[in-house]
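In the working numbering, the protein residues as written are 824 to 1072.
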């Protein structure tokens, strides 16, 4: 069982990051991933992150279930399954510094994508492409929110539909991550403490429920502005952290 200090950090992290994700539809997972990588080996961090985020996203998807775009979700699933099959074949697991660098670079790559690409999850085949790319990032860096946002930012969806549909796609990705890294963790003879996982699940659902009233009070313009600035700030922190770890090795 982790120490009281570690348990407290995990508890606060689960509550606060799920609250942030409940408002912005992303960013909370990025923050939580960095915290877990600082405290746990990568496979266990990935698995605990997946369990916590599946709870937060799954609960958020349920709360906004009437707003989900199921056509977009189906396309995402097809692409995600293709990427996962590739990872299962090669059994790829990156190092912790590399995971942090990828995590940090992701928002900047998303921002640098040329306008002419016109990525839009509502367009034909774009949702499947989104599933492919986001799954690769999810299984290497642990999160894919910033790239996922690129596919949604030009859509005609309301903030409610964006949050709901993202929650469904992310729930599926986190389920895949749990199964993938769960198999690796068992193979290495490691494990996670299920009491800790249960605590984080409960707090993730609580943070998601608390965020609902805040999302209702925001307008679509503020929603998109806060999303961009939050992920860019977090990206800088992780990029610097990953580079420092790479230079030390």
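Backbone N, C-alpha and C define an ideal beta-carbon position, used for all residues, glycine too.
request  = Grab me the residues of residue 994's own chain with a C-beta within less than 7 Å of its C-beta, minus the 5 sequence neighbours each way, in chain order.
outcome  = 877, 880, 881, 884
inquiry  = Our contact map puts residue 958 next to residue 971 with C-beta atoms below 8 Å; I'd like the distance itself, whole angstroms only.
reply    = Between residue 971 and residue 958 the Cβ distance is about 11 Å, and since that is not below 8 Å, they are no contact.
query = If we ignore side chains and look at the alpha-carbon of each, how far apart do residue 895 and residue 983 end up?
reply = 15 Å
task = Report yes or no: do three or more beta-carbon pairs, one from the segment 910 to 917 and one from the segment 950 to 957, lie closer than 8 Å?
result = no
query = For residue 999, does the count of other Cβ atoms within 10 angstroms reach 16, so buried, or fall short, so exposed?
reply = buried
query = Closest to residue 966 by CA distance: which of 923, 901, 1044 is it?
reply = 923
request  = Could you say which of 946, 907, 1065 lies nearest to residue 929 if we only look at CA atoms?
outcome  = 1065
query = Excluding five sequence neighbours on each side, which residues of the same chain lie with their C-beta closer than 6 Å to the C-beta of residue 990?
reply = 880, 883, 884
ask   = Of all the options 975, 835, 864, 843, which has the alpha carbon lying nearest to the alpha carbon of residue 945?
value = Nearest option by C-alpha distance: 975.
ask   = Looking at C-alpha atoms only, which residue of 1004, 846, 826 is the closest neighbour of residue 1038?
value = 846
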